[in-house]
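Chemist:
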Amino acid sequence: MAPPAPRPGDQLASTACTTRVVVIRAPADAPVRIECGGKPMVPADGAPPPSGTPDAGPGTILGKRYVDAADTIEVLCTSPGSGQLTADDAPLTIKAAKPLPASD
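In this note's numbering, the protein residues as written are 2 to 105.
Set out below in structure tokens:
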């Protein structure tokens, strides 16, 4: 059975490493499969401890926001890990910070 579609506010945990995220934005019209380290992420409540070895990747960084190329899904990393975040097999990248306005 596939995990339910993520919704904003959902807390997800990796089954491959120690990564945990909070969903900030997700498309309502199309379910997205979020994975970390090549394994599906599951709801953080009652998540089993990570097992196995995650697929090679850059890992996740605490406090960073990750987005897909179309900017339709956004997650916030609340616990770092060694797995790479993906959405429907496409890698998520760190969201660029918005520049602060110039002060006069």
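Using N, Cα and C, we set each Cβ at its ideal position, and we do this for glycine too.
Just so we're clear, the structure is a prediction, and the values are computed from it rather than from any experiment.
Considering only the beta carbon of each residue, do P41 and A27 sit closer than 8 Å?
Modeler: Sequence index remark: in the sequence shown, residue 41 carries index 40 (1-based). Sequence index remark: in the sequence shown, residue 27 carries index 26 (1-based). Not closer than 8 Å, so no.
Chemist: So what does T61 bridge to, in DSSP terms?
Modeler: In the sequence shown, counting from the first residue as 1, residue 61 sits at position 60. DSSP lists G82 as partners of T61.
Chemist: The beta strand (DSSP E) with C37 in it runs from where to where?
Modeler: By one-based count along the sequence shown, residue 37 stands at place 36. First-last of the beta strand (DSSP E) with C37: I35 to C37.
Chemist: Would you decide whether P102 is buried or exposed? Buried here means 16 or more other CB atoms lie within 10 Å of its CB.
Modeler: Along the sequence shown, read from residue 1 onward, the residue named residue 102 stands at position 101. So P102 ends up on the exposed side.
Chemist: How is K40 classed by DSSP in three states: helix, strand or coil?
Modeler: Here residue 40 refers to the residue found at position 39 when the sequence shown is read from its first residue. It is a strand residue.
Chemist: Can you give the Cα-Cα distance for K65 and D72, rounded to whole angstroms?
Modeler: As a working note, residue 65 is residue 64 in the sequence shown. As a working note, residue 72 is residue 71 in the sequence shown. When rounded, the distance between both Cα atoms is 15 Å.
Chemist: May I ask you to report which of helix, strand or coil DSSP gives T49?
Modeler: Position 48 of the sequence shown, counted from the first residue, corresponds to residue 49. Rather than Thr, the amino acid found at residue 49 in this sequence is Pro. Correct three-state label for P49: coil.
Chemist: Name the DSSP bridge partner or partners of R8?
Modeler: Your numbering for residue 8 matches position 7 in the sequence shown. The partner list for R8 (beta bridge, DSSP) is empty, contrary to what the question assumes.
Chemist: So is S104 buried or exposed if we call it buried at 16+ other beta carbons inside 10 Å?
Modeler: In the sequence shown, the residue the question calls residue 104 occupies position 103. Exposed, since its Cβ has fewer than 16 Cβ neighbours within 10 Å.
Chemist: Over what stretch of residues does the beta strand (DSSP E) that includes I25 continue unbroken?
Modeler: For the purposes of this step, residue 25 is taken as the residue at position 24 of the sequence shown. For I25, the uninterrupted beta strand (DSSP E) segment begins and ends at R21 to R26.
Chemist: Excluding five sequence neighbours on each side, which residues of the same chain lie with their C-beta closer than 7 Å to the C-beta of P59?
Modeler: If you number the sequence shown from 1, residue 59 lands on position 58. Cβ within range, chain order: Q85.
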